[in-house]
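Position in the sequence shown (first residue = 1) + 12 = the numbering used here.
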Amino acid sequence: MSPSATKSTPREIFAAMRRGLAGRCPSCGEGRIFRAYLKVNDACAACGHPLGAYRTDDGPAYFTILLVGHLVVGPLLFIPAVWRMPALLIAPVILLPLLAATLVALPRVKGAFLGLLVALGTTGEHPPESELAASEPGRPPA
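Shown next, in the form of structure tokens:
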């Protein structure tokens, strides 16, 4: 079973992303996406969809940083106490919750990102004829 490029409706895309956000197979909603913290299963145990074929790479990390940065760091800039506290005190007070929020959000964002790729029917690889495909590691030159 290989991922196929199909035309998805916005409702199907959001449903797949919601399933991925919950850590479930974006295709069927039954099987689990991850076998470890961020390790994607090769295939869904329930429907057999090849989850390992989708390359999520750096996308989830980028969106997690964007999300946590806007939700945690942004509001902190408007709290006057942050500007008055000594740096040696403010660093652990801010960095520990920031680290916790990032570690909690990352697998969920990765699941939603994987759901988006599944719904769009793309594996995240460059077409073989593109210049970017030739620069990918492990790919033979054309």
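Glycine included, each C-beta is placed from N, C-alpha and C at the ideal position.
With contacts defined by Cβ atoms closer than 9 Å, Gly-60 and Phe-46 do not form a contacting pair.
If you ignore the 5 residues before and after Arg-31, its C-beta comes within less than 7 Å of the C-beta of Cys-37, Pro-38, Gly-41 and Gly-127, all in its own chain and listed in chain order. Taking C-alpha positions only, Arg-67 is separated from Ala-113 by approximately 24 Å. Checking the DSSP bridge columns, you'll see Val-94 has no partner listed.
Looking at the backbone, the Cα of Pro-62 and that of Leu-83 are separated by about 33 Å.
Per DSSP, the unbroken alpha helix (DSSP H) holding Val-116 starts and ends at 99-132. Inter-segment contact for the stretch 20-27 and the stretch 98-118 is absent: fewer than three beta-carbon pairs are separated by less than 8 Å.
Straight across, the Cα-Cα distance linking Cys-56 with Ile-77 is about 28 Å. Straight-line measurement puts the Cα of Leu-101 at about 28 Å from the Cα of Phe-75. Residue pairing of Phe-46 in beta bridges, as defined by DSSP: Val-52. If you look at Glu-24, you'll find it in the alpha helix (DSSP H) that goes 22-33.
Ala-73 is a Cβ neighbour of Leu-118, given a cutoff of 9 Å. The secondary-structure analysis by DSSP pairs Arg-36 across a beta bridge with Arg-44. With a contact defined as Cβ atoms closer than 8 Å, Gly-71 and Phe-125 qualify at about 5 Å.
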